[in-house]
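Chains as they are written, first to last, in the working numbering: chain A, 1 to 213; chain B, 214 to 426. All residues carry an ideal CB built from backbone N, CA and C; glycine is no exception. For reference, the structure discussed in these notes is given below.
2 protein chains.
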Amino acid sequence: MPKPTFHERHLGVEMSSRYEIRLSGSGGQGLILMGIILAEAIGIYDGKFVAQTQSYGPEARGGSSKSEVIVSDEEIDYPKAIKLDLLLAMNQKSCDEFYPDLKPEGLLIVDSTFVTQVPNPKAFQIPFTRIAREKFNREVVANIIALGALSQLTPVVSSKATESAVLARVPKGTEKLNRDALKAGLSAARRAKKDWMKLEVPPDTPKEDVLDS
Amino acid sequence: MPKPTFHERHLGVEMSSRYEIRLSGSGGQGLILMGIILAEAIGIYDGKFVAQTQSYGPEARGGSSKSEVIVSDEEIDYPKAIKLDLLLAMNQKSCDEFYPDLKPEGLLIVDSTFVTQVPNPKAFQIPFTRIAREKFNREVVANIIALGALSQLTPVVSSKATESAVLARVPKGTEKLNRDALKAGLSAARRAKKDWMKLEVPPDTPKEDVLDS
């Protein structure tokens with residue numbers, strides 16, 4: 001039997017027909033734009049059903065921000081996340097608040113610039129904001145770097161569709177900056193995935209496989 | 214008995230606790246940004262519960278665009294519109310497609326630059342795009358003009374909150390243009406409301422009232 005791929009191991013043998021994503025952090029981190037770009041990448045360029053939502057309540061003034069993207073093979077009746085398949089937490093508060101909503105096998109990605117207490121050692125910890133500062137001298141591209149990483153870490157969106165959607169949304173004249181930011185996110189995610197693979201203990205490799213190799 | 218106000222007549226004596234808005238038109242008319250600004254005006258600046266959603270399906274490549282805003286006094290369990298209280302149609306196709314989703318007493322606002330066949334004579338017909346072209350030489354502000362009109366025509370959002378939300382979202386350096394666009398929308402709506410009042414036949418004014426005046 002072939003070894004399961006990263007995504008098969010990570011997401012179970014096949015992707016369920018509904019996939020729920022929450023992007024969270026503080027206001028000003030560009031999470032709403034990120035949600036829109038991600039939804040357009042999946043819906044317009046990858047051709048699936050997508051609903052993208054942001055909600056505001058009395059806590060909205062507190063400066064927290066979240067954006068949800070629901071993906072399905074069928075029309076979406078209920079566009080709100082129930083149990084998350086993917087949580088991106090760009091600050092500690094949102095990580096603490098939303099981690100309980102993540103499925104046990106769900107994917108947690110944190111901005112390790114701000115999230116220092118990670119509830120699960122298997123989380124992908126990537127310093128999006130630090131990369132944005134150090135590599136681009138522009139903190140505002142942290143969301144686009146995160147988007148690049150996300151397109152590498154989840155099979156729900158392709159990197160190509162992500163790039164098309166980013167370029168269609170960002171202001172004219174910033175295309176190169178944003179394309180480079182996406183690429184930086186992709187590379188950072190590739191490195192994080194390698195580290196993740198080391199953490200992962202091969203679950204129950206049968207003896208003969210070991211001998212075969 | 215005092216004469217009912219415009220809003221009481223228009224929306225029933227009191228606003229229901231759930232209010233559903235759909236903004237629709239073609240891609241490129243800025244409806245998603247408009248939905249976000251409207252949701253932020255109501256949720257952050259006016260302090261109600263708001264959920265703002267865009268959905269994409271196989272038709273997304275067709276160039277249609279819609280954005281929904283649900284407002285409630287309570288937390289929103291179901292963030293998708295069921296029966297619309299307000300429909301903004303920025304082109305003919307979206308007007309034809311979504312008018313059946315409007316409640317009988319719902320508010321229809323159309324961009325009369327593009328919507329020439331209006332399904333209900335009581336619709337507010339305002340040439341948002343023509344105003345944007347002629348007054349500002351910038352078609353892209355049609356959505357902000359429409360937002361100004363909307364804040365005048367529905368009690369669900371205040372003009373003050375709308376202005377704060379617009380100024381927080383638009384690119385630096387465009388504040389004056391956008392503030393002027395909002396104002397142009399407000400004035401256009403005031404004129405449209407006057408015309409609307411003329412159309413409105415006083416429903417069942419009792420004889421004595423007529424004699425009193």
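- Spatial neighbours of F262 (chain B) in its own chain (CB-CB distance under 8 Å, excluding positions within 5 residues in sequence) are listed in chain order as G256, V284, S285, D286, E287, E288 and I289.
- When DSSP states are grouped into helix, strand and coil, A123 (chain A) belongs to the coil group.
- Per DSSP, the continuous alpha helix (DSSP H) segment holding K411 (chain B) begins and ends at E388 to L412.
- The DSSP-derived three-state label of Q152 (chain A) is helix.
- Of all alpha-carbon atoms in A:F124, A:S17 and A:V69, the one lying nearest the alpha-carbon of M197 (chain A) is that of A:F124.
- A straight-line Cα-Cα distance of about 11 Å links D259 (chain B) and P368 (chain B).
- Around E388 (chain B), the same chain offers L380 as residues with beta carbons nearer than 7 Å, after the five sequence neighbours per side are excluded.
- The beta carbon of L84 (chain A) sits closer than 6 Å to the beta carbons of E20, R22, D101, L102 and G106 from its chain, once the five residues preceding and following it are set aside; these are given in chain order.
- Taking a C-beta cut-off of 8 Å against chain B, the contacting residues of the segment 164-190 of chain A are P171, listed in chain order.
- About 17 Å separates the CB atoms of Q242 (chain B) and A397 (chain B); that is not less than 8 Å, and the two are not in contact.
- Close to Q242 (chain B), with beta-carbon spacing below 8 Å, lies no residue of chain A; the smallest spacing is near 15 Å.
- Contact of P58 (chain A) with chain B is assigned, a C-beta pair being separated by under 8 Å.
- Residues of the segment 66-82 of chain A that bring their beta carbon within less than 8 Å of a beta carbon in chain B comprise E75, I76, D77, Y78, P79 and K80, in sequence order.
- Taking 8 Å as the threshold, the shortest C-beta distance from V263 (chain B) to chain A falls below it.
- Taking K335 (chain B) as the centre and dropping the five residues before and after it, the same chain places the C-beta of L321, W409, L412 and E413 closer than 8 Å to its C-beta, in chain order.
- Excluding its 5 nearest sequence neighbours in each direction, A264 (chain B) has C-beta neighbours in its own chain below 7 Å: I283, I289 and P292, listed in chain order.
- N178 (chain A) is a Cβ neighbour of I144 (chain A), given a cutoff of 8 Å.
- The beta carbon of L300 (chain B) lies closer than 6 Å to those of R235, F311, L315 and L321 in the same chain, with the five residues before and after it left out.
- Boundaries of the alpha helix (DSSP H) around S164 (chain A): S159 to R169.
- With respect to G35 (chain A), S67 (chain A) sits close: the two C-beta atoms are nearer than 8 Å.
- Burial check for T113 (chain A): the Cβ neighbour count within 10 Å reaches 16 or more, so the residue is buried.
- For F341 (chain B), the CB contacts under 6 Å within the same chain, skipping 5 residues up- and downstream, are D324, A355, I358 and A359 in chain order.
- Between the beta-carbon of L244 (chain B) and that of G238 (chain B) there is about 5 Å, and that keeps the pair under the 8 Å contact cut.
- Identification of chain A residues near I245 (chain B) by a Cβ-Cβ cut-off of 7 Å yields I36, ordered along the chain.
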